[in-house]
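Single-structure report; data block below.
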Ligand SMILES: Cc1ncc(C[n+]2csc(CCOP(=O)(O)OP(=O)(O)O)c2C)c(N)n1
Ligand SMILES: Cc1ncc(C[n+]2csc(CCOP(=O)(O)OP(=O)(O)O)c2C)c(N)n1
Ligand code: SF4
Ligand code: SF4
Ligand SMILES: [Mg+2]
Ligand SMILES: [Mg+2]
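Protein chains in written order, with this note's numbering: chain A, 605 to 889; chain B, 605 to 889; chain C, 38 to 626; chain D, 38 to 626.
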């Protein structure tokens with residue numbers, strides 16, 4: 605049995621005291637323990653941002669890459685060794701800003717892995733600029749006169765892009781989050797979880813309280829997760845009441861399912877020292 | 605009055621005979637004539653692809669930039685001279701593949717300009733690889749065993765991203781297309797038009813006939829363009845019956861509206877030789 | 038007793054307002070007519086890690102930090118442990134009296150000034166975060182500086198936050214001041230006195246770049262945040278309405294440079310700024326601007342790579358990258374300011390070159406230059422005249438046909454073609470990333486290709502001819518020594534410590550000349566070759582691992598420098614390090 | 038009468054099957070034991086623009102095109118007008134008899150073979166598109182070659198399309214063949230005869246790269262289409278199920294390289310391929326791989342820039358870009374194959390270097406090498422042994438703690454640290470783009486930074502030591518001339534025309550040595566300096582504007598070559614051009 609301590613590292617996370625990332629890290633570890641996945645069979649992939657540091661603070665294999673590019677890395681990790689449980693973690697800027705191209709294309713690929721976005725509606729690590737999820741009008745270092753564009757709606761985008769598991773949770777509710785992550789990992793195919801994450805240093809609007817006063821659980825409310833239109837409709841709710849939980853879940857073949865190349869043996873375990881190209885050379889003669 | 609011939613250039617487009625781009629070019633010119641916009645006040649911005657060559661074959665100002673990056677260029681052209689009518693034209697690979705990040709972020713910006721995608725569901729200029737709009741299972745040079753992921757749905761994505769004018773048309777129906785482009789240009793804010801464009805060289809599935817047999821006009825069918833959920837629902841229709849026309853249109857302040865910097869004078873017309881930074885220097889003393 | 042010559046340092050956890058307090062100190066010194074140079078260190082995290090800021094003050098112009106701290110404000114114990122080694126004899130530590138400092142922890146010659154921060158704060162009824170103001174005030178008392186100036190600076194800095202905040206900050210500082218005056222003898226060895234001369238600006242290289250850009254008429258700034266270029270975005274954004282600039286925080290750096298290109302194409306002076314990782318994403322657009330012949334200014338502010346590297350530290354590791362980024366050969370002017378004044382003036386020059394030569398121009402800075410403050414005389418906003426380059430002659434335009442494109446890429450002797458912008462009647466053309474003929478139409482013709490490559494390249498020749506070769510100088514910018522023992526060649530922010538080191542070397546009787554490379558491209562090969570040919574000895578001083586400038590020098594002149602003085606731990610050079618290295622070369626070869 | 042020594046050319050509109058027809062001709066010659074080298078030209082559009090393909094055939098190994106066409110198949114009139122200047126005396130033109138050719142349009146010494154394509158096609162009842170087969174057959178008759186071989190090649194090529202297609206193609210070719218035999222005298226001066234020796238492969242550099250990659254165990258290929266690298270994607274995709282490779286056409290090049298990094302990190306041999314514009318987008322990932330020490334092979338296939346440039350033509354304009362891409366200093370091995378064999382073997386070497394040195398490796402090719410075909414002996418798949426580098430010792434792993442990360446970045450003498458991959462118990466670590474310590478944890482420590490930079494750099498030193506310096510050769514790969522008049526230095530695809538030019542020069546009594554640079558980095562400075570020091574004269578031959586290789590040589594050795602022979606119009610060198618340029622240098626300096 606995997607224990608919480610198996611996932612601990614010696615260094616303490618250097619996030620600001622009170623940062624919402626702490627709760628997410630706990631839920632993430634909790635989910636891995638609950639699912640009983642050996643740490644060496646987990647790959648934790650991230651880009652750059654406060655949230656991107658997660659792989660350094662959990663004892664699994666990790667890759668802390670470049671800003672916005674974690675999903676392609678994770679995709680290849682999974683395709684190279686489909687025996688691994690692969691997580692991608694990162695910020696809203698990382699995933700919905702600079703990484704938006706990969707976000708949409710990964711959603712339509714249905715690789716069996718889990719993507720968790722620490723959505724604090726701000727650029728934390730670069731000390732407080734607007735993020736794609738910042739609300740219209742918000743004043744930040746890079747938008748001192750207020751954000752002009754409307755925020756992205758990651759839930760609606762993921763649904764529109766073809767994701768097969770789309771959920772939202774809240775870092776301030778570790779239980780809900782852990783449950784959601786467990787469901788995400790169990791889902792066969794790409795699972796996407798947008799997580800509300802209070803940033804105590806640069807976002808003094810969307811605080812723990814702000815969320816607590818607004819979030820309600822879709823599952824408790826009896827939401828039908830199999831209906832795409834209803835899921836989309838729910839994704840449009842914002843303001844006084846904000847839904848969390850699973851918006852949409854549907855089963856369809858994973859990307860790996862359609863690759864006979866890795867049906868029997870993961871790529872990484874295939875022998876490469878006896879490849880025979882003589883037939884290939886004949887083709888050119 | 606602007607005439608069709610004012611927009612002609614000496615060179616003939618070097619697209620394959622029968623290519624759907626010809627119809628789009630005619631409709632585009634027709635729309636500019638119909639709207640009576642002086643050619644020198646039009647900026648036609650494109651990336652790379654067969655479709656990306658449009659600026660070379662219409663006598664307006666043009667910029668034929670790099671693959672997938674036309675929208676940021678166009679955005680800045682408009683913000684630099686908001687007196688111009690700005691078009692972005694390009695392919696499905698250009699716009700929905702490599703350019704997806706800019707696509708989503710431009711949709712939420714509501715700059716008053718028009719984006720037309722020549723959607724041939726294939727990479728034309730690079731001789732026939734899969735595009736993000738290729739249907740699942742399609743065999744192309746880059747996917748000889750068939751495309752695995754589900755296609756992107758540009759209409760659903762644009763709606764989800766916050767676009768204020770979302771339409772689809774068909775290059776085989778120049779009248780419909782011209783009407784749609786005219787409506788797009790007249791719309792105050794970002795207008796997005798996905799155009800079905802037969803590629804006679806590399807896409808022998810989605811042919812003129814294929815489209816003709818399937819498309820029906822949303823406006824003729826009495827679609828309510830102001831309802832986002834209905835628009836999204838319509839965006840999900842595919843197969844035997846495929847809607848064209850305006851899916852969604854809503855009025856909201858443009859990006860430019862919220863820039864007092866350019867309220868009176870476009871940036872390009874502001875004098876720069878008498879800027880006084882002495883107060884700024886005082887701030888640092 | 039040392040008057041007007043000290044280094045003041047404050048350290049504590051990230052998020053405790055170290056930077057703001059340091060800024061107040063620097064400004065206070067500057068307003069008293071003193072010169073300051075400050076440098077800050079912070080890790081890539083928001084709160085809790087160790088931050089520090091060090092201000093050097095003198096009554097002559099100073100160009101870098103130096104070794105040896107005279108007064109250390111330790112907001113926590115860690116600061117003492119980390120920095121006690123930097124303290125000189127007679128230095129003082131201001132710290133929280135609740136911390137226990139064992140005698141063995143600290144050198145006998147160091148004076149301790151424990152202060153009951155919490156009590157004081159409680160007494161005067163302000164927030165705990167004001168601790169650093171108390172400490173600041175205490176330090177002012179210790180060095181016997183004019184508290185009135187400090188009060189004014191606090192007032193100005195918190196103007197926008199309202200009277201209450203000003204009052205609290207001032208009271209906190211005053212309480213610290215009084216505590217020292219009341220509880221300690223006035224025998225601290227290091228003092229500051231105001232000079233009565235007017236104050237200077239206290240600003241960073243990034244501030245200067247922004248002022249330069251604004252003064253040059255930059256109307257469009259698009260960028261994605263990246264240390265150490267983010268503060269340019271913040272500055273420009275803060276000024277967007279005052280100076281009518283459109284400032285856009287874009288979705289990524291690809292968008293940023295393509296927007297800048299769009300603006301440049303439309304006739305607006307446009308700029309973008311980033312660091313290495315973001316510049317990677319801009320390289321394709323960089324080449325595009327080169328091909329379209331669209332003016333764009335790119336601020337590339339270096340930090341240590343490879344990859345994310347040390348994101349909040351400094352390096353000059355992107356010289357060769359900047360010079361060779363993007364496929365193919367095209368004009369790539371690269372300008373390297375060495376200090377804050379040059380950051381201001383060269384940014385303006387960059388805009389002029391960009392428009393005159395219709396090409397992207399890189400201004401290469403680094404974190405040291407970008408983020409450290411220096412007291413600086415006000416700039417001369419009229420020194421660099423705006424040159425918008427060659428727009429198409431209206432007569433030519435009127436004469437051109439209605440059916441063809443304008444010859445936007447006309448072959449000319451100097452390589453520069455007449456420019457039109459959208460909106461100009463009869464100036465219509467398409468700017469194409471494909472190779473194109475004079476009218477901008479795509480062409481694969483051999484003749485067109487050759488002529489167009491040559492035309493573009495000629496712009497660089499023209500520019501090279503226009504530029505003066507750099508001048509060799511002696512210590513303190515005097516004429517070069519005819520019989521110098523060694524010549525230092527360098528580019529960028531190492532200029533400051535080099536200037537300081539030259540003073541030290543001169544004192545030891547070592548005569549040093551200095552050749553600053555401001556244009557990395559077009560490179561002043563002639564002058565550099567001459568110097569390398571005639572100097573007794575030569576050295577480069579670079580903040581990178583491999584000696585990139587030395588490599589470039591060799592590529593351009595065929596000559597090796599005798600010594601590569603390199604530092605690549607993310608920290609700037611101390612003058613003393615350069616002094617030692619150069620002395621070693623001179624004395625032992 | 039010239040036997041087994043001719044150049045055959047076919048031209049027409051894009052989309053008319055020019056390439057396929059040329060391929061049949063080349064393969065037919067090769068199967069007859071002859072050597073072929075073909076080169077195609079096409080514009081960046083799909084149909085209608087002018088395409089042409091030229092095949093040179095001899096009974097000795099040949100390495101490039103030469104000037105002078107002996108037989109021209111003109112599928113349209115434009116082809117005649119464009120290429121008539123290339124025809125030698127006695128050459129023949131096969132063309133549609135419905136085209137009118139005025140006597141003044143064509144030289145007297147050219148023979149005309151008008152063929153009623155349409156009639157023939159109608160008669161035998163095949164599609165119009167088969168016109169080129171008719172022409173092909175006609176050319177076979179003219180040169181008196183064995184039609185049986187052509188029939189077999191057609192059969193093999195259309196195997197997958199079914200018997201009907203095979204039959205139609207064969208009949209069309211036969212009809213053209215017969216038409217010539219029946220209507221013209223058998224007096225054409227240029228003939229081909231099969232040699233009875235076994236046939237060779239006819240393939241491109243890209244084909245060879247793919248075979249090399251597959252043979253090296255590449256299991257993951259991610260790319261975004263871009264000429265001239267697209268055909269690698271097509272090849273790998275076509276073979277994905279046969280060789281169990283995951284091939285991904287990604288959303289962009291950024292994704293492509295990051296996927297390759299993900300695969301490399303997981304322990305799978307991975308590759309990506311692109312051209313300049315796409316490589317721009319990969320530069321950030323390139324640096325990432327350098328920092329993470331993850332093996333990745335990047336094929337950078339050059340075409341003329343800047344920007345989109347001439348997308349379907351060739352250039353060697355990205356040498357300095359490849360060497361300096363991405364911020365900071367890190368090991369950047371760059372390998373440059375000069376021909377098809379080297380494309381095969383060096384790709385395998387690249388995988389070995391990537392894994393052994395845990396670093397990204399660039400294989401630099403160009404459109405000429407990537408897309409032109411050459412008849413080539415079968416490769417030796419056993420020549421390059423797979424070397425997977427140093428994985429962590431299981432004993433070390435077992436001994437390591439459960440609470441710490443594995444020392445994945447251990448400081449070692451040769452710079453190479455033991456590697457673990459996900460799934461390995463106790464090998465757990467995080468690969469970080471931030472500077473990190475031996476365990477991969479983020480560190481901003483001065484000492485760690487310095488040691489880690491040095492560790493990474495040492496890998497390059499170790500590699501440099503492992504490599505042999507290149508050898509100087511004489512004409513036809515003989516030993517170098519002791520008293521050569523000149524030494525040519527070059528890298529990449531110019532090798533072919535240089536080898537041909539050397540033969541020509543030798544015939545004129547000019548003795549030439551050749552030094553091929555295969556490793557642009559680590560650069561063989563020692564050997565190059567020695568050659569530059571001892572050669573009577575030196576020249577580089579490069580397909581770019583500025584002489585990038587010559588610049589690199591100067592940076593590395595301090596020495597100028599005497600002459601930069603440059604061509605940058607997108608076309609490859611003709612041996613004759615090199616001959617002339619070199620002769621000029623030798624005779625007039
Ligand atoms: C290419 C590139 N551009 C910019 C940066 C600088 N940068 C680092 S993190 C970050 C954004 C952080 O915001 P987010 O992704 O929301 O993460 P958070 O810190 O809020 O968790 C940026 C812009 C970078 N590292 N790389
Ligand atoms: C960065 C970059 N990658 C790849 C290419 C090669 N390329 C040119 S056009 C194109 C795709 C064309 O497809 P699409 O955008 O759908 O346009 P179409 O030709 O179908 O109109 C590609 C991949 C490029 N020019 N730049
Ligand atoms: S800046 Fe915000 S997101 Fe980053 S560690 Fe601090 S609280 Fe968390
Ligand atoms: S390849 Fe397709 S899209 Fe391109 S010009 Fe030909 S028909 Fe049109
Ligand atoms: Mg964030
Ligand atoms: Mg397309």
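From the three backbone atoms N, C-alpha and C, an ideal C-beta is built for every residue, glycine too.
Proximity test, residue i beta-carbon vs ligand 3 heavy atom, cut-off 8 Å
| i | result |
| --- | --- |
| residue 814/A | no |
| residue 805/A | yes |
| residue 83/C | yes |
Residue from the options with nearest C-alpha to residue i
| i | options | result |
| --- | --- | --- |
| residue 622/D | 90/D, 586/D, 575/D | 575/D |
| residue 313/C | 283/C, 285/C, 347/C | 347/C |
| residue 625/D | 563/D, 523/D, 429/D | 523/D |
| residue 356/D | 341/D, 364/D, 350/D | 341/D |
Residue i: CB within 8 Å of a non-hydrogen atom of ligand 6
| i | result |
| --- | --- |
| residue 826/A | no |
| residue 725/B | yes |
beta-carbon residue i near ligand 4 non-hydrogen atom, thresh 8 Å
| i | result |
| --- | --- |
| residue 655/B | yes |
Residue j beta carbon less than 9 Å from that of residue i
| i | j | result |
| --- | --- | --- |
| residue 238/C | residue 881/B | no |
| residue 304/C | residue 363/C | no |
heavy atom of ligand 1 below 8 Å from residue i C-beta
| i | result |
| --- | --- |
| residue 567/C | no |
| residue 722/A | yes |
Heavy atom of ligand 2 within 8 Å of residue i beta-carbon
| i | result |
| --- | --- |
| residue 252/D | no |
### Query
Between the stretch 44 to 56 of chain D and the stretch 164 to 174 of chain D, do at least 3 Cβ pairs fall closer than 8 Å?
Short answer: they touch.
### Query
Any chance the stretch 197 to 217 of chain D sits against the stretch 80 to 98 of chain D, with 3 or more Cβ pairs inside 8 Å?
No, they do not touch.
### Task
Examine the Cβ distances between the stretch 699 to 710 of chain B and the stretch 738 to 746 of chain B and report whether three or more of them are shorter than 8 Å.
Between the stretch 699 to 710 of chain B and the stretch 738 to 746 of chain B, the count of Cβ pairs shorter than 8 Å is below three; the stretches do not touch.
### Query
Is the stretch 681 to 688 of chain A in contact with the stretch 764 to 779 of chain A, if contact means three or more CB pairs nearer than 8 Å?
Segments in contact, no.
### Query
Is it true that the stretch 635 to 643 of chain B meets the stretch 271 to 286 of chain D, where meeting means three or more beta-carbon pairs spaced less than 8 Å apart?
In short, these stretches do not touch, since the Cβ pair count stays below three.
### Query
Should the stretch 239 to 258 of chain C be regarded as contacting the stretch 327 to 338 of chain C, the criterion being three or more beta carbon pairs within less than 8 Å?
Note that the stretch 239 to 258 of chain C touches the stretch 327 to 338 of chain C; at least 3 beta-carbon pairs, one per stretch, sit closer than 8 Å.
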